[in-house]
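Residue numbers (our numbering), protein chains in the order written: chain A, 36 to 697; chain B, 63 to 240. From the three backbone atoms N, C-alpha and C, an ideal C-beta is built for every residue, glycine too. In this text the structure is predicted, and so the values were computed from the model without any measurement. Structure, as structure tokens:
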Amino acid sequence: MKNLFKMVALTGFVAATGLQSCKPKDTSNAVSGDAGIKAYVAPGKYDEVYNFVSGGFSGQMSVYGLPSGRLLRVIPVFSVDPEKGWGYSEETKPMLNTSHGMVPWDDLHHVQLSKTNGEYDGKWVFGNANNTPRVARIDLTTFRTQEIIELPNSGGNHSSPFITENTEYVVAGTRFSVPMDDANGDVAIDTYKENFKGTLSFISVGKEDGKMDIAFQIQCPGVNFDLSRAGKGVSNGWFFFSCYNTEQANTLLEVNASQKDKDFVMAVNWKKAEEYIKAGKGRKQAVKYAHNTYSEKTHTATSEIKTEVLVLDSKELKDICYFIPCPKSPHGCDVSPTGEYIVASGKLAAVIPVFSYDKMLKAIAAKSFDGEFEGIPVIKYESALYGEVKKPGLGPLHTEFDADGNAYTSMFVSSEVVKWNIKDLKVIDRQPTYYSIGHLCVVGGDTKKPTGKYLIAYNKITKDRYLPTGPELSQSAQLFDISGEKMKLILDFPTIGEPHYAQAVLASVIKDKSVKMFKIEENAHPYAAKGEKETKVVREGNKVHVYMTAIRSHLTPDNIEGIKMGDEVYFHVTNLEQDWDVPHGFAIKGADNAELLIMPGETQTLKWVPTKVGISPMYCTDFCSALHQEMTGYVRVSPAGSNVPLKFGTGITKPEVAAASK
Amino acid sequence: MIFYWNFALKLTLTDIIMKTFKVIASLTIAAIFSSCGGEDKPTTATAAQEEPQSMVKDAETYDPKRGEGKYTAELLALSDKLDEAQAKIGEDASNVKCTSCHKMTDEKLVGPGWKDVTKRRTGEWIMNFITNPDPMIDKDPEAQAMLELCLVRMPNQSLTDDEARAILEYMRKVDGLK
Chain A
36 MKNLFKMVAL TGFVAATGLQ SCKPKDTSNA VSGDAGIKAY VAPGKYDEVY NFVSGGFSGQ
96 MSVYGLPSGR LLRVIPVFSV DPEKGWGYSE ETKPMLNTSH GMVPWDDLHH VQLSKTNGEY
156 DGKWVFGNAN NTPRVARIDL TTFRTQEIIE LPNSGGNHSS PFITENTEYV VAGTRFSVPM
216 DDANGDVAID TYKENFKGTL SFISVGKEDG KMDIAFQIQC PGVNFDLSRA GKGVSNGWFF
276 FSCYNTEQAN TLLEVNASQK DKDFVMAVNW KKAEEYIKAG KGRKQAVKYA HNTYSEKTHT
336 ATSEIKTEVL VLDSKELKDI CYFIPCPKSP HGCDVSPTGE YIVASGKLAA VIPVFSYDKM
396 LKAIAAKSFD GEFEGIPVIK YESALYGEVK KPGLGPLHTE FDADGNAYTS MFVSSEVVKW
456 NIKDLKVIDR QPTYYSIGHL CVVGGDTKKP TGKYLIAYNK ITKDRYLPTG PELSQSAQLF
516 DISGEKMKLI LDFPTIGEPH YAQAVLASVI KDKSVKMFKI EENAHPYAAK GEKETKVVRE
576 GNKVHVYMTA IRSHLTPDNI EGIKMGDEVY FHVTNLEQDW DVPHGFAIKG ADNAELLIMP
636 GETQTLKWVP TKVGISPMYC TDFCSALHQE MTGYVRVSPA GSNVPLKFGT GITKPEVAAA
696 SK
Chain B
63 MIFYWNFALK LTLTDIIMKT FKVIASLTIA AIFSSCGGED KPTTATAAQE EPQSMVKDAE
123 TYDPKRGEGK YTAELLALSD KLDEAQAKIG EDASNVKCTS CHKMTDEKLV GPGWKDVTKR
183 RTGEWIMNFI TNPDPMIDKD PEAQAMLELC LVRMPNQSLT DDEARAILEY MRKVDGLK
């Protein structure tokens, strides 16, 4: 197999014929006899590990159980989700607000679990929006997106949402350099070198509440920031970003951004940046960005447009940023558990360079520089280099670590995972993936104390791994047992969207904190009906507010008359249940948005603008009891100007309830 | 597969002589038992992560007057006088969590009307049932009879101890206690 790859590489066949030629042969040999037992989780038993997987172009984040590969949940983040009413209910619409208005889709590439002392603390998971630049924070008691912050001065948020070892900051580096927001952006595209800038945003995170705020941005030369990692342990206080397109090309990047032998890893001293901020060196810049938060008390999101950001200039403040040359278009930029080694993967390079934090500091002190790039010192390659992993494979992308001093690097072009030792840089094992691995993840693989045991490969090409489903196939993830010296493939499982980065954490860190329902007494939604006695229908001009309750198995009110064409009807539905796993759904015929899915104790609102005179049925969409099919109702819609009086109730044939209606 | 094969065979041979039928029937039964056998005992969805409990022991010790839960007559020590303030708290709580399904008359809505419930059941049975409904619906004969009638399992409304006690006081008020 290896010889085949070498031969292919030598002839340049790979580049000429694409991915298919790298497909390892004889896939059946890759699975050993006990794989089934290792991935088997008996019915009713829990998985050992939560795996938070980016949904790529779905814009969402999925949660899998490992080792079974069972899909546990899809958390809506940056894209609307009609199934859950996300982005359709009045309460969740503000979450997708941006300076461009409501943006219903994005591309979520990377996830980061919050950390304390460099280990996962199970509080939050963050995700980035690659298209309209944003960062989201998901609460891990509710598995719901609680906050989304937009990034000004940014063209596409790719090297994000990587975090520092105590979650002081989430970073966001722009993939596309663009003119700054307060400059005139109406410029010729080929003035890139002159007008385009890259920014790195440092978003502070509240220790207790997780609340995000853009603490500062660092303005950098116009290049493409690709991936990043925070230093940890010895290198805590620094951040490392991979950069490509140091050619500063603005067209045909495929060729024009691949000219130089070396691009850069940018080392950023964020503690130093903090000092400059304290010393008042930042420039207050007028910008516009949205900051959206969801309250679990009012069950409602609010969106605020902010207008100012603090910017530091990397050219002026010379000792914040340093470039380290790195072979050909580095992609992954990963930091070892001790924080001493920075592994940068040049995706077109034949070696994996491993930089030493200690050597880098010494090189800076000794000014062992190779000139400057756009005013930023460039450290000599050899002065920062610990060593190179020789002949690792083709197309190295990303690296994660285990507890025993080993690193695992994904090889896109040669479609394999390569295990190597961090100290001696010798390759220990290589296993094929099916096909063309992108990101990979080890349980706790980016922490100071990796758990190890499992490695998951997220592949870009699926081809023949599953039953054919037409031209489009689910993307394929593969689970490896890495407890022994050799990695063993034990499971394939399909994923949603296109998974990029993912993180895995022992279930025990998260599972016992899970919220089971919301206390109805604490529901502070302005339109909540806490009990059927509070249900009512209120007309305010052409707006009609229905204060509705849902409980197994009826809606109150379930008969509503007096709605007229031209009305906007708001169904504020409160789920009165107080038990785990009893959501109610709500849908009405002809609604041009979606359903509601209302958790126990929560209130959610569906806006409905009737388009036809007549009777519109409504019903509970989430099977709730033996009488779920009975959980229905009717709304009568009359012509505009009709004198049909407003009338509502449930079980109105019974005298005492009839008294409640007008 | 063996089970289904036998079952099919049984259907096709029912009008053949009795002796043959009995042999096949016993084979079928044997197949059913072997296909359902195994180490694991089935558990309910809510108890999936816990060890299955012995039903035999429960049947012997289960007290249908008390129900299952933490309340006993001694613990409750109900007074024969109504606590008006507590009953008011109970009324407010039941408006949020109970009256969607229960009326104060003897009319059934989703669940039975509350009229005379404190005369039909002991205070401890009511307290146990409203704070611990699922285990009781699984074994209490009265609760099971109500389920057959109403067809909706009474939901666990996550009542606190204080709420449950206040609701009982409200029920006592509805039943005429002064």
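With burial defined as no fewer than 16 other Cβ atoms inside 10 Å of the residue's Cβ, what is the status of residue 141 of chain B: buried or exposed? exposed
Within the same chain, show all residues whose beta-carbon is closer than 7 Å to that of residue 557 of chain A, passing over the 5 residues directly before and after it, in chain order. 332
So with CB distances below 7 Å, who are the chain B contacts of residue 612 of chain A? 217
Please look up how many angstroms separate the CB atoms of residue 98 of chain A and residue 86 of chain A, rounded, as I've assumed it's under 8 Å. 7 Å
Where does the unbroken beta strand (DSSP E) through residue 644 of chain A begin, and where does it stop? Segment: none, residue 644 of chain A is in no beta strand (DSSP E) and carries neither H nor E.
Is there a C-beta anywhere in chain A that falls below 8 Å from the one on residue 132 of chain B? no
Coil, strand or helix - residue 195 of chain A by DSSP: coil
Distance CB(residue 474 of chain A)-CB(residue 369 of chain A) smaller than 8 Å: no
To the nearest angstrom, how far is it from the Cα of residue 308 of chain A to the Cα of residue 381 of chain A? 28 Å
With 8 Å set as the bound, which would you pick, yes or no: does the beta-carbon of residue 170 of chain B sit closer than that to a beta-carbon of chain A? no
Residue 166 of chain B vs residue 176 of chain B beta-carbon contact at 8 Å: yes
Report the option in A/179, A/607, A/590 whose CA atom is closest to the CA atom of residue 561 of chain A. A/607
Same chain, Cβ closer than 6 Å to residue 99 of chain B, neighbours up to 5 away in sequence not counted: Low local confidence applies: a pLDDT of 38 at residue 99 of chain B is under 50, so the model's placement there is unreliable, and no value is given.
Whole angstroms are fine: how far does the CA of residue 487 of chain A sit from the CA of residue 519 of chain A? 10 Å
Under 7 Å between beta-carbons, which chain A residues line up against residue 141 of chain B? List them in chain order, please. Chain A residues near residue 141 of chain B: none, gap ~27 Å exceeds 7 Å.
At least one CB of chain B closer than 8 Å to the CB of residue 684 of chain A: is that the case? no
Could you work out which residues of chain B lie near residue 567 of chain A, taking near to mean beta carbons separated by less than 8 Å? 157, 161, 162
CA-CA distance, residue 426 of chain A and residue 365 of chain A? 16 Å
Taking 8 Å as the threshold, find out whether the stretch 221-239 of chain A comes into contact with the stretch 189-204 of chain A through three or more Cβ pairs. yes
Of all the residues that make up the stretch 661-674 of chain A, which are near chain B by a beta-carbon distance shorter than 7 Å? 661, 662
What does residue 213 of chain B reach in chain A if we use C-beta pairs closer than 7 Å? 661, 662
Please determine, among A/146, A/134, A/95, A/120, the residue with the shortest C-alpha to C-alpha distance to residue 536 of chain A. A/146
6 Å CB neighbourhood of residue 479 of chain A in its chain, flanking five on each side removed: 485, 486
What's the gap between the Cα of residue 94 of chain B and the Cα of residue 78 of chain A? Confidence in residue 94 of chain B is poor, its pLDDT being 41 and thus under 50, which makes the residue's placement unreliable; the coordinate value appears in the next sentence. Each residue's Cα considered, the two are about 21 Å apart.
Just how far apart, CA to CA, sit residue 482 of chain A and residue 155 of chain A? 7 Å
Delimiting residues of the alpha helix (DSSP H) encompassing residue 417 of chain A: 416-419
Roughly how far, in whole angstroms, is the beta-carbon of residue 541 of chain A from the beta-carbon of residue 74 of chain A, given that I think they are within contact range, below 8 Å? That belief does not hold up - the Cβ atoms of residue 541 of chain A and residue 74 of chain A are roughly 17 Å apart, past 8 Å.
Looking at the secondary structure, which residues open and close the alpha helix (DSSP H) in which residue 288 of chain A lies? 288-291
Would you please state the rounded distance, in angstroms, between the beta carbons of residue 376 of chain A and residue 457 of chain A? I believe it to be under 8 Å. 6 Å
Can you find the residues in the same chain that come closer than 6 Å, C-beta to C-beta, to residue 58 of chain A, ignoring five residues on each side of it along the sequence? Residue confidence is low: residue 58 of chain A scores 47 on pLDDT, short of 50, so the model does not pin down where it sits. No coordinate-derived value is stated.
What residues from chain B crowd round residue 617 of chain A, counting only those whose CB sits closer than 7 Å? 217
Residues of the stretch 578-609 of chain A with a CB closer than 8 Å to any CB of chain B: list them in chain order, please. 584, 586, 587, 588, 589, 591
Can you check DSSP and say which residues form a bridge with residue 448 of chain A? None, per the DSSP bridge assignment.
Which residue or residues does DSSP assign as beta-bridge partners of residue 665 of chain A? Paired residue(s): none; residue 665 of chain A is not in a bridge.
Which residues, in chain order, does the stretch 71-99 of chain A contribute to contact with chain B at a C-beta distance below 9 Å? 77, 78, 79, 80, 81
Assigned secondary structure, residue 634 of chain A (DSSP; H/G/I helix, E/B strand, else coil): coil
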